[in-house]
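Residue numbers (the UniProt record's numbering), protein chains in the order written: chain A, 1 to 294; chain B, 1 to 163. A short worksheet on the structure shown next.
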């Protein structure tokens, strides 16, 4: 292909798309996707949706910051992190879709709110719109990436070869995400009175959603050997967060738990008010123009 | 007729066109099965948008070289590492003004260590060679690059970050 003309290289192809949209080739083309013996495929699909939806929804939230971050480098950083997570989501949704007989686009764009399995931490509105703040977004990124990194480091040993491979690859990306959030947390927490106050407020805002990350769901309990029991991650993640908060001169908020509905939360498809607005924006184009490819 | 391996090895990376896919280490295997060429590539990052482009470029080049049937497969494991960028690829990067990654060795099991300050890697400025350089941002114009600045000659430059 020619690199002399940027437009030509973007538009001149017969069979490929440059930007992210719909209609991409299969995210797992050619990958060995045998199912491990004895695994309940329906449960495996639910588990892939949980981890895939966490990444997809948080990716959508992070990309809202593009052009709104405090500095240009941060626009690029948050967009890069969102892109890594979107890539993880594509592979996980494709894996789920093999069982459910739906492709990644159908799973991302055509499911309704109650069918999404992401944790609430991924979906809450931390800005850049009204009521949000960069400090809150960094607090969420710190908690989310510390937790997912610990999860993926164990998921490398999963009996499912696709989950193990997605984890081994994603782990390296998540290590960069966590370091980025940790370094910002220290810079803001140990910065001016104003930055310290807003970073602490960010932690207070996201903390009620931490508990859900470590609650073992029935699907995870049934998939021993394939899934990671999130309860087993708590002490490692607490240790990491403690190290960051102490270096930043911040205080760990009191452990409170966001309200559940009849004991259910994101893993059961019960979401916060913010989720419907997020999906409306994310799914709008695909639903308005069914079958559209861009 | 050149071999399928030679054709595939010469295909360039869409985002770092100074490198071939072989230099970058994403070309894992080229084989012929029943008259069909099977090329296996691995993505650099999970969300690398260039992966579809790489597949299309490989297909186009091989078909152009006379191989009628071409299949491109994806391999996720073992995960790509910058250690797979060839010695020649590192020289090409430096010559193009992009600092090549340092070698990091195999990844280890267990918890990943936390870095509260950016690791103080010695990255040489591709313009003047000075080791007195600092990281501006870990995230650059593509997923695989960081932005740095040389404190000696003041030039900013890109660095293929270690992964």
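Don't be surprised by glycine CBs; every beta carbon is placed ideally from N, CA and C. Since we're looking at a predicted model, the values are computed, not measured.
With a cut-off of 7 Å, does the C-beta of residue i fall near any C-beta of chain B?
i	result
residue 228 of chain A	no
residue 283 of chain A	no
residue 129 of chain A	no
residue 241 of chain A	no
residue 210 of chain A	no
residue 57 of chain A	no
residue 88 of chain A	yes
residue 118 of chain A	no
residue 170 of chain A	yes
residue 53 of chain A	no
residue 213 of chain A	no
residue 42 of chain A	no
Just to confirm my understanding: we take residue i, look at its own chain, exclude 5 residues before and 5 after, and list those with CB closer than 8 Å. What are they?
i	result
residue 155 of chain B	125, 127, 128, 149
residue 75 of chain A	65, 66, 67, 68, 69
Using beta carbons (cut-off 7 Å, strictly below), is residue i in contact with chain A?
i	result
residue 139 of chain B	yes
residue 76 of chain B	yes
residue 101 of chain B	no
residue 163 of chain B	yes
residue 129 of chain B	no
residue 143 of chain B	yes
residue 116 of chain B	yes
residue 45 of chain B	yes
residue 7 of chain B	no
residue 65 of chain B	no
residue 156 of chain B	no
residue 111 of chain B	yes
residue 94 of chain B	no
residue 22 of chain B	no
residue 124 of chain B	no
residue 79 of chain B	yes
Nearest CA to the CA of residue i: which residue from the options?
i	options	result
residue 7 of chain B	B:45, B:58, B:41	B:58
residue 189 of chain A	A:178, A:49, A:291, A:244	A:244
residue 61 of chain B	B:44, B:12, B:33	B:12
residue 122 of chain B	B:107, B:151, B:106, B:108	B:151
residue 123 of chain A	A:37, A:210, A:225	A:210
residue 90 of chain B	B:21, B:109, B:41, B:137	B:21
residue 239 of chain A	A:147, A:88, A:58, A:230	A:147
residue 132 of chain A	A:49, A:151, A:192, A:201	A:201
residue 140 of chain A	A:184, A:161, A:283	A:184
residue 41 of chain A	A:130, A:226, A:255	A:226
residue 139 of chain B	A:179, A:39, A:161	A:179
residue 46 of chain A	A:248, A:120, A:95	A:95
residue 246 of chain A	A:286, A:182, A:266, A:293	A:182
residue 251 of chain A	A:73, A:241, A:88	A:241
Measuring straight from C-alpha to C-alpha, what distance separates residue i and residue j?
i	j	result
residue 112 of chain B	residue 96 of chain B	33 Å
residue 86 of chain A	residue 169 of chain A	13 Å
residue 144 of chain B	residue 143 of chain A	24 Å
residue 84 of chain B	residue 27 of chain B	10 Å
residue 51 of chain A	residue 125 of chain A	19 Å
residue 273 of chain A	residue 30 of chain B	51 Å
residue 159 of chain A	residue 91 of chain A	17 Å
residue 67 of chain A	residue 98 of chain A	36 Å
residue 257 of chain A	residue 212 of chain A	8 Å
residue 232 of chain A	residue 110 of chain B	14 Å
residue 101 of chain B	residue 59 of chain A	27 Å
residue 115 of chain B	residue 288 of chain A	45 Å
residue 133 of chain B	residue 117 of chain B	15 Å
residue 3 of chain B	residue 67 of chain B	10 Å
residue 145 of chain A	residue 10 of chain B	38 Å
residue 214 of chain A	residue 230 of chain A	5 Å
residue 48 of chain B	residue 280 of chain A	26 Å
residue 82 of chain B	residue 262 of chain A	48 Å
residue 53 of chain B	residue 255 of chain A	47 Å
Within a Cβ cutoff of 6 Å, which residues of the same chain sit near residue i, ignoring the five residues on either side of it in sequence?
i	result
residue 276 of chain A	113
residue 53 of chain A	116, 117, 118
residue 161 of chain B	146
residue 25 of chain B	84, 85
residue 253 of chain A	203, 204, 207
residue 93 of chain A	52, 104, 107
residue 164 of chain A	156, 158
residue 217 of chain A	267
Indicate, with yes or no, if the ligand MG has a heavy atom lying under 6 Å from the CB of residue i.
i	result
residue 89 of chain A	Absent from the structure shown: the ligand MG. Ligands present: none.
Once you ignore the five residues that flank residue i on each side, which residues in its own chain have a CB closer than 7 Å to its CB?
i	result
residue 212 of chain B	The requested residue 212 of chain B does not occur in the structure, where chain B is confined to residues 1 to 163.
residue 131 of chain B	122, 124
residue 264 of chain A	270
residue 23 of chain B	85, 86, 88, 89, 92
Query raised in the report: Does the segment 201-208 of chain A come close enough to the segment 135-143 of chain A that 3 or more CB-CB pairs lie under 8 Å?
Result: The answer is yes - the segment 201-208 of chain A touches the segment 135-143 of chain A, with three or more Cβ pairs under 8 Å.
Query raised in the report: Would you say the segment 210-230 of chain A touches the segment 169-185 of chain A, given that touching needs at least three Cβ pairs under 8 Å?
Result: no
Report task. Check whether the segment 69-80 of chain B touches the segment 100-114 of chain A, counting contact only when three or more Cβ pairs, one atom from each stretch, lie closer than 8 Å. Result -> The segment 69-80 of chain B, when compared against the segment 100-114 of chain A, does not touch it at the 8 Å Cβ threshold.
**Report entry** Touch test, the segment 185-199 of chain A against the segment 62-78 of chain A, Cβ-Cβ under 8 Å, three pairs minimum
**Finding:** no
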